[in-house]
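Residue 848 is where the sequence shown ends in UniProt numbering, and the numbering goes up by one at each step. The beta carbon of each residue, even a glycine, is placed where N, CA and C say it ideally should be. Predicted model, so just to flag it, every value in this text is computed and none were measured. Following: one structure in structure tokens, then a few remarks.
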Amino acid sequence: MKLTRRDFLKVSATTTGGLVALGATGCKRNPALSSLAKDDSNSIDGGEWKPTTCQGCTTWCPVEVKVVDGRAIKVKGNRYSKAHNGNICPRGHMSLQQVYDPDRIKVPMKRTNPKKGRNEDPKFVPITWDEAIEEIADRMLELRENNETHKYVTFRGRYTYMRDIIYGKFTKIFGSPNGISHSAICAEAEKFGSYYTEAYWGYRDYDLENTKYVLLWGADPLASNRQVPHSINAWGDVLDQAGVAVMDPRLSATAAKADEWLPVIPGEDGALAIAMAHVILAKGLWNKEFVGDFVDGKNRFKVGEEVDESTFKENYTNGVVKWWNLGLKDKTPQWAAKRSGISAKQIERVATDFAKAGPNVISWLATGASMHVRGGYTAMAAHALNGLVGSVDNKGGSIRHSDIPVDDFPGYKKYLDKVAKKGLEHHKMDQRGYKEFPALKKGKSGKGVVTNNAADAILDEEPYEIKVAIGYWNNFAFSCSGTDRWEEALTKLPFFVHITTNPAEMTQFADIVLPAAQHKYEKFGYVKSKANTHAYVTMNQPVIEPLWDVKMDETEVPWLIAEKMAEKGYDKLIKYFKTEIKDPETGKSPANEYEFSEYALKIRTQPLWDPKIKVNGDQINGWKEFRKLGVWNSESYKFKQNWDDFGTKTGKFEFYSETLKKALGKHAKKHHTDIDDILETCKYEARGELAFVPHYEEAYRWGEEREYPFVFFEHRSRLNREARSANCNWYQELKDVDPGDEAWNDVAKINPKDAKKLGIKTGDKIKLISPTGEIECEAKLWEGVRSGTVGKCYGQGHWAYGKVASEDYKNKLPRGGNNNEILPPDYERLSGSTARHGGVTRIKIKKI
Ligand SMILES: Nc1nc2c(c(=O)[nH]1)N[C@H]1C(S)=C(S)[C@@H](COP(=O)(O)OP(=O)(O)OC[C@H]3O[C@@H](n4cnc5c(=O)[nH]c(N)nc54)[C@H](O)[C@@H]3O)O[C@H]1N2
Ligand SMILES: Nc1nc2c(c(=O)[nH]1)N[C@H]1C(S)=C(S)[C@@H](COP(=O)(O)OP(=O)(O)OC[C@H]3O[C@@H](n4cnc5c(=O)[nH]c(N)nc54)[C@H](O)[C@@H]3O)O[C@H]1N2
Ligand code: SF4
Ligand SMILES: [Mo]
Numbered sequence: 001m002k003l004t005r006r007d008f009l010k011v012s013a014t015t016t017g018g019l020v021a022l023g024a025t026g027c028k029r030n031p032a033l034s035s036l037a038k039d040d041s042n043s044i045d046g047g048e049w050k051p052t053t054c055q056g057c058t059t060w061c062p063v064e065v066k067v068v069d070g071r072a073i074k075v076k077g078n079r080y081s082k083a084h085n086g087n088i089c090p091r092g093h094m095s096l097q098q099v100y101d102p103d104r105i106k107v108p109m110k111r112t113n114p115k116k117g118r119n120e121d122p123k124f125v126p127i128t129w130d131e132a133i134e135e136i137a138d139r140m141l142e143l144r145e146n147n148e149t150h151k152y153v154t155f156r157g158r159y160t161y162m163r164d165i166i167y168g169k170f171t172k173i174f175g176s177p178n179g180i181s182h183s184a185i186c187a188e189a190e191k192f193g194s195y196y197t198e199a200y201w202g203y204r205d206y207d208l209e210n211t212k213y214v215l216l217w218g219a220d221p222l223a224s225n226r227q228v229p230h231s232i233n234a235w236g237d238v239l240d241q242a243g244v245a246v247m248d249p250r251l252s253a254t255a256a257k258a259d260e261w262l263p264v265i266p267g268e269d270g271a272l273a274i275a276m277a278h279v280i281l282a283k284g285l286w287n288k289e290f291v292g293d294f295v296d297g298k299n300r301f302k303v304g305e306e307v308d309e310s311t312f313k314e315n316y317t318n319g320v321v322k323w324w325n326l327g328l329k330d331k332t333p334q335w336a337a338k339r340s341g342i343s344a345k346q347i348e349r350v351a352t353d354f355a356k357a358g359p360n361v362i363s364w365l366a367t368g369a370s371m372h373v374r375g376g377y378t379a380m381a382a383h384a385l386n387g388l389v390g391s392v393d394n395k396g397g398s399i400r401h402s403d404i405p406v407d408d409f410p411g412y413k414k415y416l417d418k419v420a421k422k423g424l425e426h427h428k429m430d431q432r433g434y435k436e437f438p439a440l441k442k443g444k445s446g447k448g449v450v451t452n453n454a455a456d457a458i459l460d461e462e463p464y465e466i467k468v469a470i471g472y473w474n475n476f477a478f479s480c481s482g483t484d485r486w487e488e489a490l491t492k493l494p495f496f497v498h499i500t501t502n503p504a505e506m507t508q509f510a511d512i513v514l515p516a517a518q519h520k521y522e523k524f525g526y527v528k529s530k531a532n533t534h535a536y537v538t539m540n541q542p543v544i545e546p547l548w549d550v551k552m553d554e555t556e557v558p559w560l561i562a563e564k565m566a567e568k569g570y571d572k573l574i575k576y577f578k579t580e581i582k583d584p585e586t587g588k589s590p591a592n593e594y595e596f597s598e599y600a601l602k603i604r605t606q607p608l609w610d611p612k613i614k615v616n617g618d619q620i621n622g623w624k625e626f627r628k629l630g631v632w633n634s635e636s637y638k639f640k641q642n643w644d645d646f647g648t649k650t651g652k653f654e655f656y657s658e659t660l661k662k663a664l665g666k667h668a669k670k671h672h673t674d675i676d677d678i679l680e681t682c683k684y685e686a687r688g689e690l691a692f693v694p695h696y697e698e699a700y701r702w703g704e705e706r707e708y709p710f711v712f713f714e715h716r717s718r719l720n721r722e723a724r725s726a727n728c729n730w731y732q733e734l735k736d737v738d739p740g741d742e743a744w745n746d747v748a749k750i751n752p753k754d755a756k757k758l759g760i761k762t763g764d765k766i767k768l769i770s771p772t773g774e775i776e777c778e779a780k781l782w783e784g785v786r787s788g789t790v791g792k793c794y795g796q797g798h799w800a801y802g803k804v805a806s807e808d809y810k811n812k813l814p815r816g817g818n819n820n821e822i823l824p825p826d827y828e829r830l831s832g833s834t835a836r837h838g839g840v841t842r843i844k845i846k847k848i
């Protein structure tokens, strides 16, 4: 990679300009920078803005990249996007450092040291693509010969919807049920909340423009979550027109600007949500249109008193009185104050202000309050508040999204041969649906993934041995709590292929490393999401010539493997690809992996660009135009679409969840037991009917208070792309944009009162020790965390990944510590999620 000094200045100057322009929304600009900050379409000679998609986080922004002389030099939001209105966040710019990262994997590599382990040098040597693919095809075909195709797994991390090729069709036609996604280390527990109240398994959109009050449950939308640019852009108005209350043990970027900060004791959000529901009912502040009312209009919700169900007539909800009787009647703000660490007065005030501003209000649930051992019911409770005040599916409230009319790929069943059919009969390898892993996605036992348990499944060979795996765009040896189990599992795995841009932790265990096309600059794909009441589809497309010998993970790699397998006598896969993935315009079969990738994308998105098909949104005139625009927007969301039938078992918004009752009942029956036994196995306290309503559960923690006096909690970085930014100078240099954090460092934020007792000062090197591991980092005294808790950002602590990410890459010395080395591998089992929040572990601090 040749980069002249002039080029470098151009890149850094224009990008800084972008950062300044964004950061300065609503503020006075530094006049010295104004020439950089204005739209620069003409400031650099020539060049072209090319649309693609940023997947730096799950906001999935439609963007445009300025390409000059073949080089990407700047990123901005796609001007045609209605969800983000041409905005992006600061991380979007950082992707330039990722695509031009000198530490990228540049050619395929093969391991020559058969011994695996963190302390083994893999002794990778470069090989050609053909050699790499040959070896993979041989190992996979060996499984076919032995009738054990189920012993193959595709592990996927981040993805585009082209995942349906590698993780879907490729895996299935080959004969393995094991497409294992990263979803359960991401945010599934959150979806549990909206599903078991309103039958919606998905992330919500929020109508910020019309909202009057926002309750944020462990969400920091100015820095993270799923609509960052839109939130940054809208938040000034939100603060003007609405109340904002943030429940977060940390003074987050959003909390710092909010009307109310409730620094809840980690894992005790349930107490707050339940007490707020109590206040709303006791004070008669529920939404009468949505929930209904007492027949005689007299409020019988009095502290401690049971209510007769027949006295209340419900409209669009189910079981409000049952909920009161089972889970709310004694749960006063005074009761909650003791558990949550928040004063009764503040709880009552926030609940009252929120409900009074209803129904145009939002109870915004995120992972902080749900991805913990007993977080399933917290998720339900926080989302149920939207039901109580009628803000669900309503103006200014918590909404779903408009239809996104994309096509599926053609069916694959006729390409299954005998071996494949047998392979597909096996249970998936992650133990989903086992008694202790109900993973009740969309109401079905074992429908959800239990990502983090895949490591134990490999180690225990339960349900069976795993022999070959391909992982792409994932880094489970870093991103899953209890990382040591992944290191062991990957050591045990006989053959592992990693398709990756960077030599990450997981890569160190690979037998073959394949250099991936960077998703934003070098790859075909599409994703769909929503914000600002618009659903959208945005396309990933190659906007630069790749610098290295890379291939697209989701489409090109499976094509190459399929071709190679066909040469060796097994041709079902390539037949499917060539017969079913044809150019929808010309009917032509793909001649190579690149054409295959483009046709696959064309097929899926055809309804959006084919002018003959009428859709609810932008009408695009052909494929060429779609590639130029890069994005398709739906019309604005129509409110109250689901009020008449939410799709739950009762059709209503369920405070008493018949839907959950049925799902739990089926799971219990499958294991010849009752629901109480399932709840006990899953570490929940509720028994009997309480299990079907949102209710309080005490936080579940690892470690005894005597030995481990502090509750550990963590958060993401404003500049991190999950854990993928650490090799960027800009990330390290600007790390102090995260409140309380320090540049080029990884600090544990300790309340000064606690630090004083321990004799610890800012800058001291310390060890954080949990019952399952220990890491080293630096102490930072900071009032933004409550006494008794220690907060630390996730994302540092890479012992691999590149020369910037690690303190000393060659000697595998991390910069700071990976939180996942002290977080125990525990779960919110009803959803299969990894429990990383809620103060799941206690720690002790040792000065070193
Ligand atoms: N403690 C803790 N753990 C967490 C989280 C947390 O907040 N705290 N966050 C969790 C969440 S929400 C998620 S979604 C997961 C994410 O976890 P994973 O799905 O494992 O993803 P990443 O850790 O981001 O790692 C992705 C890897 O893909 C490679 N890569 C980077 N860019 C590309 C690309 O463009 N193409 C390809 N093929 N490869 C690429 C790099 O090797 C990188 O390490 O982590 C989870 N883990
Ligand atoms: N900047 C940035 N944005 C991202 C990503 C990224 O890596 N960086 N990743 C994307 C992905 S994959 C995901 S899944 C989403 C996740 O987005 P969110 O679900 O919004 O997750 P976090 O930003 O990790 O926010 C967790 C918050 O919860 C707080 N917290 C921790 N424990 C508790 C608790 O017990 N109770 C409460 N109330 N709060 C608690 C933390 O301090 C933190 O502020 O973000 C997406 N957006
Ligand atoms: S990092 Fe996330 S919010 Fe920022 S531009 Fe990329 S996708 Fe959008
Ligand atoms: Mo995630």
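In terms of residues, what are the limits of the beta strand (DSSP E) holding residue i?
i	result
Ser-343	Careful: Ser-343 lies outside any beta strand (DSSP E) and carries neither H nor E.
Ser-770	765-770
Ile-775	773-781
Trp-217	213-217
Assign residue i to one of two classes, buried (16 or more other C-beta atoms within 10 Å of its C-beta) or exposed (fewer than that).
i	result
Tyr-464	exposed
Thr-501	buried
residue 890	Not covered by the structure: residue 890. The range shown for the chain is 1 to 848.
Asp-205	buried
residue 898	This structure cannot settle anything about residue 898, because the visible part of the chain is limited to 1 through 848.
Pro-62	buried
Thr-555	buried
Lys-749	buried
Under the criterion of a Cβ to heavy atom distance below 8 Å, does residue i qualify as lining ligand 3?
i	result
Trp-129	no
Ser-81	no
Ile-88	yes
Cys-61	yes
Arg-721	yes
Confirm the yes/no value for this check: CB of residue i, any heavy atom of ligand 4, distance under 8 Å.
i	result
Lys-137	Here the sequence assigns Ala to residue 137, which means Lys is not the residue at that position. No, since every heavy atom of ligand 4 falls outside the 8 Å radius drawn around the Cβ of Ala-137.
Glu-680	no
Ala-379	no
Hey, would you say residue i sits closer than 9 Å to residue j, going by beta carbons?
i	j	result
Phe-155	Ala-668	no
Trp-643	Tyr-195	no
Val-246	Glu-268	no
Gly-622	Gly-157	no
residue 863	Val-361	Limits of the chain in this structure are 1 at one end and 848 at the other, which puts residue 863 out of reach.
Lys-646	Glu-654	The amino acid occupying residue 646 in the given sequence is Phe; Lys does not appear at that position. It is a contact, given that the beta carbons lie within the stated cut-off.
Lys-329	Glu-306	yes
DSSP three-state label for residue i, please.
i	result
Ala-257	Before going on, a small fix: residue 257 reads as Lys here, not Ala. Correct three-state label for Lys-257: helix.
Lys-844	strand
Thr-332	coil
Ala-835	coil
Pro-90	helix
Thr-483	helix
Glu-305	coil
Considering residue i, what are the terminal residues of the alpha helix (DSSP H) in which it resides?
i	result
Met-109	First-last for Met-109: 109-111, but that is the beta strand (DSSP E), not the alpha helix (DSSP H).
Thr-171	171-174
Met-565	556-567
Arg-496	Residue 496 is actually Phe in this sequence, not Arg. Phe-496 -> not in any alpha helix (DSSP H); beta strand (DSSP E) instead, spanning 495-500.
Asn-233	228-241
Would the beta-carbon of residue i be found less than 8 Å away from any heavy atom of ligand 2?
i	result
Cys-57	yes
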